[in-house]
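2 protein chains.
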Amino acid sequence: MTVSIEDVAARAGVSTATVSRALRGLPNVSELTRERVRDAARALDYVVSPSASSLATGRTSTVGVVVPYVGRWFFGQVISGAETALRQSGFDLLLYTVGAEESRRRFFEELPVRRRVDAVLVLSLPLTDAEVAAIAGLRLPTAMVGASVPGFSSVRIDDVGGASKAVNHLINLGHQRIAMIHGAGIEPAQFTAPEDRRRGYLSALASAGLDYDSSLQVDGGFTLAGGERAMASLLSSKHPPTAVFAQSDEMAFGALRAIRRAGLRCPEDVSVVGFDDHEMAEMLDLTTVAQPVTEQGVLAVGHILAELRGEAAPSDDLVPTHVVIRGTTAPPTAKPMRARVPARSVARSAGSSSAG
Amino acid sequence: MTVSIEDVAARAGVSTATVSRALRGLPNVSELTRERVRDAARALDYVVSPSASSLATGRTSTVGVVVPYVGRWFFGQVISGAETALRQSGFDLLLYTVGAEESRRRFFEELPVRRRVDAVLVLSLPLTDAEVAAIAGLRLPTAMVGASVPGFSSVRIDDVGGASKAVNHLINLGHQRIAMIHGAGIEPAQFTAPEDRRRGYLSALASAGLDYDSSLQVDGGFTLAGGERAMASLLSSKHPPTAVFAQSDEMAFGALRAIRRAGLRCPEDVSVVGFDDHEMAEMLDLTTVAQPVTEQGVLAVGHILAELRGEAAPSDDLVPTHVVIRGTTAPPTAKPMRARVPARSVARSAGSSSAG
DNA sequence: GGTGACGCTGCAAGCGCTTCCAAGGTGCCA
DNA sequence: TGGCACCTTGGAAGCGCTTGCAGCGTCACC
Chain A
1 MTVSIEDVAA RAGVSTATVS RALRGLPNVS ELTRERVRDA ARALDYVVSP SASSLATGRT
61 STVGVVVPYV GRWFFGQVIS GAETALRQSG FDLLLYTVGA EESRRRFFEE LPVRRRVDAV
121 LVLSLPLTDA EVAAIAGLRL PTAMVGASVP GFSSVRIDDV GGASKAVNHL INLGHQRIAM
181 IHGAGIEPAQ FTAPEDRRRG YLSALASAGL DYDSSLQVDG GFTLAGGERA MASLLSSKHP
241 PTAVFAQSDE MAFGALRAIR RAGLRCPEDV SVVGFDDHEM AEMLDLTTVA QPVTEQGVLA
301 VGHILAELRG EAAPSDDLVP THVVIRGTTA PPTAKPMRAR VPARSVARSA GSSSAG
Chain B
1001 MTVSIEDVAA RAGVSTATVS RALRGLPNVS ELTRERVRDA ARALDYVVSP SASSLATGRT
1061 STVGVVVPYV GRWFFGQVIS GAETALRQSG FDLLLYTVGA EESRRRFFEE LPVRRRVDAV
1121 LVLSLPLTDA EVAAIAGLRL PTAMVGASVP GFSSVRIDDV GGASKAVNHL INLGHQRIAM
1181 IHGAGIEPAQ FTAPEDRRRG YLSALASAGL DYDSSLQVDG GFTLAGGERA MASLLSSKHP
1241 PTAVFAQSDE MAFGALRAIR RAGLRCPEDV SVVGFDDHEM AEMLDLTTVA QPVTEQGVLA
1301 VGHILAELRG EAAPSDDLVP THVVIRGTTA PPTAKPMRAR VPARSVARSA GSSSAG
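As they're listed, the protein sequences go chains A and B.
Just so we're aligned: the first sequence equals residues 1 to 356 in the working numbering.
Just so we're aligned: the second sequence equals residues 1001 to 1356 in the working numbering.
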């Protein structure tokens, strides 16, 4: 039924060994023979059997990608980049989503990637020590995106730098009272983003000689709803900020909503900067810190492939970020927050009267 | 180095044949033996070699999923559902993204899934005839999500019904002048969503006895920017609509932005309904038509697995939708677009069969 | 006691490749 | 002309499983 290497060999009048060599571009095959083999293969519509091939070589030409959720924009982008890079090098991408507690447990328990892949890519999964050990036990080239674990290659963004760029942007606009909506620090240790972004925030404030006010740091739990709550609480404080740096775009979205619901306007009353450059950021005109997302997938694959070729030891990449200035940031108004529009009932007159 | 079935056999004191049968739960193995084998396997941390196994059986226990983009919310969700369902049945998921023209061409030309997968899942890819032929040539169980092709299983939503539900919602609120922002009809024939949604729109209007005004149908090309342009043009017409049905949430988002930029308010001045229940729809408080997304992946996998077991011929699923009412729809103001009056009084003029 | 039937197990032949090793040719130099 | 190095090619042994077929006790029943 299916055509095998033997059929090709017969048709080309050579041995299977030669077919194998010819088709894979190995040296020590005369050009003439190679052509004949290629023709035969083409004529028979021959495709090598991956299982036979990997049984013989021990290599699978497949990389396992472990990701919490595929549905989230960020992961989708990274996977996309990784897939392209892998495909280009002749590798397949086996997907494992381990977002649900149950599936995660099973993944690290059974390690279904064993014998199935040549290398592993772990995306933004803060791993417990046991999980790290499990992965290490695979003895496969492994790269992490978004978290750094000793012994593995990793690709991360410059969280500290990104955060201070964002805050500097606000400072340059003239803001002095700048709040931060952060993510909770409850995650495993390798997930350093919240802490790093906080460091960036603080260092920007410090080098501008601005006061540090701990009441301006509120937890938004990295969710939209959390960002909304955080912003609401900031707005209702006795001395609200004129600008807010949110550690993620989703929290920034929530903040925007809170601002709107409070009858205030952004950026006239409060400026907001996010972090990520989420696909919706543009639509909401959110100033934010952009990170190259797809590229991180590509870089991670690069590490993996290099290790696979034995060319490189595990190494870390820190990719740069840049601030994308959009419409949610502006200089503070002269008299910050004084004449507060009565929220709720009176729909903001922004549209008709003061538009522009 | 790696432990093979032979090691397990030796340790359990049986033949490799028995190990194979015992571990796979085949009958004709005494419970005692099975236990011994299991223990040996566990003790040696044995994992069957997928390549050896599939070389021997011809089955790969892998399903190829072909998708235009992973980064888009909808696809991510569907993949997620499919992955879970597959994993549960012991299948792996091989991902192929063919969004880019180049990668798409290569995919259908080389058909890298050949010999690699047992079945194929094609997500929301309107295929050309040649592409359909290529897939058919694989002679593998195949299911489509979002498009229906004769000969293949498919899972789609009820576009006609969804659209008319959306429009009925507007009609029930009292709207009489309802526009539609649609997607261009330039795609291959199987991509029937635009046309079906138009049919739903028209039938809802018709059964409410409302006029059909072709100037109220504008193309938004299924993009945010397109939706914005379409809405802008509607707003600037001499007789603008009081409500708009957008064939996708993204276009609806664009419409919202156009409304805001025109200094108008939603829903006070114009109501907007979208389609999809995009993850951002909630954040933007958009009334929309929700479809079960993850579930479509699960259903498609169901079809595939059934075919794989030889249990079923290709069949179609039409999954229902429902309107999610949020804040972008409200009864029209009494005197549309002229003076702004609180829009309470008109609340229930739903049944009015009077033609406008 | 003979004889199937039946349950459990092992033998061994593949599955379709890759690769080590040896063999045959060729050309070149001594 | 013989010897040698080098380039091509083929033979054949696996890689680690699955599975058809046969063997062998056991039983039940004639």
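Quick reminder that beta carbons are idealized off the backbone N, C-alpha and C, glycines included.
All figures in this text were calculated on a predicted structure; none of them were measured in a lab.
T1084 of chain B burial status per 10 Å Cβ neighbour count (16 or more: buried): If you number the second sequence from 1, residue 1084 of chain B lands on position 84. Label assigned to T1084 of chain B: buried.
Chain A within 8 Å of Y1046 of chain B, Cβ atoms only: Counting from one through the second sequence, the residue named residue 1046 of chain B turns up at place 46. At least 8 Å separates the CB of Y1046 of chain B from every CB of chain A.
Close-in-space but distant-in-sequence residues of the same chain around A1232 of chain B (CB under 6 Å, 5 per side omitted): Within the second sequence, residue 1232 of chain B is the residue found at index 232, counting from 1. Within the same chain, A1258 come within 6 Å of A1232 of chain B by CB-CB distance, once the 5 residues on both sides are set aside.
Where A52 of chain A meets chain B, residues with beta-carbon distance less than 7 Å: Position 52 of the first sequence, counting from 1, holds the residue named residue 52 of chain A. Within chain B, the residues near A52 of chain A are L1055.
Residues that E1131 of chain B contacts on chain A, provided the C-beta gap is smaller than 7 Å: For the purposes of this step, residue 1131 of chain B is taken as residue 131 along the second sequence, with counting starting at 1. Correct list: empty, because the minimum Cβ distance to chain A is about 17 Å.
Assigned exposure category for H239 of chain A - 16 Cβ within 10 Å defines buried: Within the first sequence, the letter at position 239 stands for residue 239 of chain A. Sixteen is the threshold: since fewer than 16 other Cβ atoms of the shown chains lie within 10 Å of the Cβ of H239 of chain A, the residue is exposed.
Beta-carbon proximity list for P331 of chain A, same chain, < 7 Å, skipping 5 on both sides: On the first sequence, residue 331 of chain A is found 331 positions in, with the first residue counted as 1. Taken in chain order, the residues that qualify are L173 and G174.
Short Cβ contact (8 Å threshold) for L1138 of chain B with R1106 of chain B: By 1-based counting over the second sequence, the position of residue 1138 of chain B is 138. By 1-based counting over the second sequence, the position of residue 1106 of chain B is 106. In this structure, R1106 of chain B does not lie closer than 8 Å to L1138 of chain B by Cβ.
For V1293 of chain B and F1074 of chain B, believed in contact at Cβ under 8 Å, the rounded distance: As a working note, residue 1074 of chain B is residue 74 in the second sequence. As a working note, residue 1293 of chain B is residue 293 in the second sequence. Rounded to the nearest angstrom, the Cβ distance from F1074 of chain B to V1293 of chain B is 6 Å, consistent with a contact under 8 Å.
DSSP three-state assignment for R1011 of chain B, whether helix, strand or coil: Numbered from 1 along the second sequence, position 11 holds the residue referred to as residue 1011 of chain B. Shown here, R1011 of chain B sits in a helix according to DSSP, grouped into three states.
Chain A contact for T1223 of chain B (CB, 8 Å cutoff): On the second sequence, residue 1223 of chain B is found 223 positions in, with the first residue counted as 1. Answer no: the Cβ-Cβ gap between T1223 of chain B and chain A never drops below 8 Å.
Burial state of Y212 of chain A, where buried means 16 or more other Cβ atoms lie within 10 Å: Locating residue 212 of chain A in the first sequence gives position 212, where the first residue counts as 1. With fewer than 16 other Cβ atoms within 10 Å, it is exposed.
Identity of the residue in A:R326, A:Q247, A:S236 and A:L224 nearest E1279 of chain B by Cα: Working through the second sequence from its first residue, we reach residue 1279 of chain B at position 279. The shortest CA-to-CA distance from E1279 of chain B to any of A:R326, A:Q247, A:S236 and A:L224 is the one to A:L224.
Within chain B, partners of G151 of chain A - CB distance below 8 Å: Counted from its first residue, the first sequence places residue 151 of chain A at position 151. Within 8 Å Cβ-Cβ: nothing; G151 of chain A doesn't reach chain B, min ~21 Å.
CA-to-CA distance, Y46 of chain A to S4 of chain A, given in whole angstroms: Numbered from its first residue, the first sequence carries residue 4 of chain A at position 4. Numbered from its first residue, the first sequence carries residue 46 of chain A at position 46. The straight-line gap from Cα to Cα measures roughly 7 Å.
Per-residue contacts from Y1069 of chain B into chain A (C-beta, under 9 Å): The residue labelled residue 1069 of chain B in the question sits at position 69 within the second sequence. Per Cβ cutoff of 9 Å: G76 and S80.
Own chain residues within Cβ distance below 6 Å of H1322 of chain B, not counting five before or after: Locating residue 1322 of chain B in the second sequence gives position 322, where the first residue counts as 1. Cβ within range, chain order: A1290.
Exposure of Q1088 of chain B, with buried meaning 16 or more beta-carbon neighbours within 10 Å: As a first step, residue 1088 of chain B must be located in the second sequence, where it is residue number 88. Per the 10 Å Cβ criterion, exposed.
Bounding residues of the beta strand (DSSP E) (the contiguous stretch that carries L93 of chain A): Along the first sequence, read from residue 1 onward, the residue named residue 93 of chain A stands at position 93. Segment D92 to T97, the beta strand (DSSP E) holding L93 of chain A.
N-terminal and C-terminal residue of the beta strand (DSSP E) that T16 of chain A is part of: Within the first sequence, residue 16 of chain A is the residue found at index 16, counting from 1. No beta strand (DSSP E) holds T16 of chain A; the alpha helix (DSSP H) holding it covers T16 to L23.
Residues that F1253 of chain B contacts on chain A, provided the C-beta gap is smaller than 7 Å: Stepping through the second sequence from its first residue, residue 1253 of chain B is reached at position 253. Going along chain A in sequence order, the residues near F1253 of chain B (Cβ under 7 Å) are M283.
For S1214 of chain B, the three-state DSSP class (helix, strand or coil): The sequence position of residue 1214 of chain B within the second sequence is 214, counting from 1. Helix, per DSSP.
Neighbouring residues, chain B, relative to S103 of chain A (Cβ below 8 Å): For the purposes of this step, residue 103 of chain A is identified with residue 103 of the first sequence, where counting begins at 1. For S103 of chain A, the C-beta contacts it makes with chain B under 8 Å involve T1084 and R1087, in order along the chain.
Where D1158 of chain B falls: helix, strand or coil (DSSP): The residue given as residue 1158 of chain B occupies position 158 in the second sequence. Here DSSP, grouped into helix, strand and coil, assigns D1158 of chain B to coil.
Own chain partners of N1168 of chain B with C-beta closer than 6 Å, once the 5 adjacent residues on each side are dropped: Walking along the second sequence from the start, residue 1168 of chain B turns up at place 168. Counting only residues of its own chain and dropping the five nearest sequence neighbours on each side, N1168 of chain B has a CB closer than 6 Å to the CB of A1204.
Listed by chain order, chain A residues near S1049 of chain B by CB distance under 8 Å: As a working note, residue 1049 of chain B is residue 49 in the second sequence. Result: L55 and R115.
Sub-8 Å separation of L1308 of chain B and P1112 of chain B beta-carbons: Residue mapping note: residue 1308 of chain B aligns to position 308 of the second sequence, counting from 1. Residue mapping note: residue 1112 of chain B aligns to position 112 of the second sequence, counting from 1. With contacts defined as CB atoms closer than 8 Å, L1308 of chain B and P1112 of chain B fail to qualify as a contacting pair.
Selection from B:R1261, B:P1126, B:A1206 and B:S1080 that minimises the alpha carbon distance to R1229 of chain B: The residue labelled residue 1229 of chain B in the question sits at position 229 within the second sequence. Minimum Cα-Cα distance from R1229 of chain B among the listed residues B:R1261, B:P1126, B:A1206 and B:S1080 corresponds to B:R1261.
Beta-carbon gap between A147 of chain A and P126 of chain A smaller than 8 Å: Numbered from its first residue, the first sequence carries residue 147 of chain A at position 147. Numbered from its first residue, the first sequence carries residue 126 of chain A at position 126. In this structure, P126 of chain A lies closer than 8 Å to A147 of chain A by Cβ.
Same chain only: Cβ atoms within 8 Å of Y69 of chain A, ignoring 5 sequence neighbours per side: As a position in the first sequence, residue 69 of chain A is number 69, starting the count at 1. F75, T97 and G99, listed in sequence order.
Beta-ladder partner(s) of L1123 of chain B, from DSSP: The residue labelled residue 1123 of chain B in the question sits at position 123 within the second sequence. As DSSP reads the structure, L1123 of chain B sits in a beta bridge with B:V1145.
DSSP state of G1351 of chain B mapped onto helix, strand, coil: The count along the second sequence starts at 1 and reaches residue 1351 of chain B at position 351. Unreliable positioning characterises G1351 of chain B in this predicted model, as indicated by a pLDDT of 35, which lies under 50. A coordinate reading is not provided.
Ordered list of beta strand (DSSP E) runs contained in the region 1305–1331 of chain B, each at least 3 residues: As far as the region 1305–1331 of chain B is concerned, its whole beta strand (DSSP E) runs of at least 3 residues are 1316–1319 and 1322–1324.
Reduced DSSP category for S1061 of chain B - H, G, I as helix; E, B as strand; rest coil: Locating residue 1061 of chain B in the second sequence gives position 61, counting from the first residue. Coil, per DSSP.
Euclidean distance between Cα positions of T60 of chain A and A1252 of chain B: As a working mapping, residue 60 of chain A is identified with position 60 in the first sequence. As a working mapping, residue 1252 of chain B is identified with position 252 in the second sequence. Pairing T60 of chain A with A1252 of chain B, the inter-Cα distance amounts to about 45 Å.
is_contact[T97 of chain A, chain B] using C-beta, thresh 8 Å: In the first sequence, residue 97 of chain A corresponds to position 97, counting from 1. Taking Cβ atoms only, chain B reaches closer than 8 Å to T97 of chain A, which makes this a yes.
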